[in-house]
Amino acid sequence: MTGRVDEMLIELDQALQHVSAPCTSADRADRIYEVYAFAQVIAAAAESGAMVVYEDADERPVKELIFRGAPGVLHGGRQFTHAVLSFGDARPVEVHVRVKVRGKVSRANPTS
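Position one of the sequence shown corresponds to residue -13 (my numbering), numbered consecutively onward.
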């Protein structure tokens, strides 16, 4: 598994051109995979002509990425990085990693 993690880290560095991502082979494989998937989305968008800007939680541009250690809320006061993808006149799209999602349950789940 270590070999594949190292391969993902190399691809991660290539996909996130011009920024620093804080992942090492000592990080858990699931965390590295999440950042790897993030990087692949960014790379595909850039190859398709998107303008990519990395921002902190206060929407200021950054060059050094900070990813959450655990899932968190978007407006929780902790610093994190996300990407903003702009395709021409279309509305910008934000890409996040490790966001906590809450949903409403309209009915109780049945128990066995």
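Virtual Cβ for every residue (Gly too), placed ideally from N, Cα, C. Just so you know, these numbers come straight off a predicted model, no measurement behind them.
By the three-class DSSP mapping on this structure, what secondary structure does Glu45 have? coil
With DSSP run on the structure shown, which of helix, strand or coil describes Leu71? strand
Three-state secondary structure (DSSP) at Val81? strand
Using alpha carbons as the reference points, say which of Ala76, Arg46, Ser72, Glu50 lies closest to Ala31. If we check each option's Cα against that of Ala31, Ser72 comes out closest.
Exposure label - Ala36; buried when at least 16 CB within 10 Å: buried
So for Val38, helix, strand or coil by DSSP? strand
For Arg77 versus Phe53, is the C-beta distance shorter than 9 Å? Using a Cβ distance threshold of 9 Å, Arg77 and Phe53 do not count as a contacting pair.
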